[in-house]
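First the structure, in the form of structure tokens, and then the observations on it.
Residue numbers (my numbering): 56 to 289.
Put into structure tokens, the structure is as follows:
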């Protein structure tokens with residue numbers, strides 16, 4: 056019980072830090088890097104719009120998929136329905152997380168190919184977001200009936216897909232460098248959407264002054280981390 060209480064506090068703090076890191080990485084570095092590349096600005100803005108809408112639709116599909124009935128909801132289900140559904144949800148979490156990590160690897164590779172400093176801050180932004188997400192996924196897997204050992208192992212295997220995505224992105228985008236600005240813009244759309252649509256609303260639920268002050272300080276810390284890591288570039 057103590058460990059999960061501690062994990063919950065870590066998640067709360069990491070959410071605020073992630074907002075600062077993800078927004079500053081996108082708006083101060085990735086997007087400027089893409090627009091300074093010489094690519095057509097209209098096409099880049101179209102990519103940004105398409106990315107935001109794509110992430111909205113992905114989240115909408117995830118929400119619709121999980122809006123299923125359970126035992127005790129007034130509908131008649133066989134005994135053990137919840138357990139079976141929880142198990143399915145656990146495997147869906149793993150598949151979704153694996154695809155997400157694979158994509159993150161490609162995005163990090165694109166950022167490093169564009170500029171090593173940008174690659175570092177993009178990696179930091181993804182890590183800052185992944186820590187609370189992986190903790191949440193671990194708790195979901197336990198709730199779905201996975202043992203702690205199995206949940207750790209499957210989470211680790213999903214995380215390793217980021218390495219596979221990074222290698223694929225590095226060797227593919229290195230030969231198609233013209234795609235890098237568009238990958239950076241798409242990555243930025245994901246960072247901005249996650250920060251504004253998912254993370255900030257979570258923070259707004261805690262509207263007390265006692266909660267607001269550390270939130271603002273951690274957002275500022277996230278921005279400062281990105282600025283510090285990329286100070287040498289200018």
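Yeah, the Cβ is synthetic: ideal placement off N, Cα and C, and Gly gets one too. All of these numbers come straight from a predicted model, not from anything done at the bench.
Same chain, Cβ closer than 7 Å to residue i, neighbours up to 5 away in sequence not counted
i: residue 109; result: none
i: residue 157; result: 216, 217, 219, 220
Residue i versus residue j - alpha carbon distance
i: residue 163; j: residue 205; result: 28 Å
i: residue 161; j: residue 217; result: 8 Å
i: residue 166; j: residue 104; result: 20 Å
i: residue 242; j: residue 96; result: 16 Å
i: residue 116; j: residue 245; result: 16 Å
i: residue 171; j: residue 212; result: 26 Å
i: residue 286; j: residue 86; result: 17 Å
i: residue 188; j: residue 80; result: 19 Å
i: residue 68; j: residue 78; result: 16 Å
i: residue 184; j: residue 159; result: 11 Å
i: residue 100; j: residue 239; result: 12 Å
i: residue 225; j: residue 266; result: 41 Å
Integer Cβ distance of residue i from residue j, believed to fall under 8 Å
i: residue 248; j: residue 107; result: 5 Å
i: residue 175; j: residue 284; result: 5 Å
i: residue 179; j: residue 280; result: 7 Å
Best match in the options for proximity to residue i [C-alpha to C-alpha]
i: residue 169; options: 93, 212, 211, 262; result: 93
i: residue 114; options: 252, 268, 265; result: 252
i: residue 154; options: 226, 255, 214; result: 214
Contacts around residue i, its chain only, beta-carbon distance under 6 Å, and the 5 residues preceding and following it disregarded
i: residue 277; result: 72, 75, 76
Neighbourhood of residue i by C-beta distance below 8 Å, restricted to the same chain and skipping five residues each side
i: residue 282; result: 79, 83
i: residue 70; result: 187, 254, 257, 258
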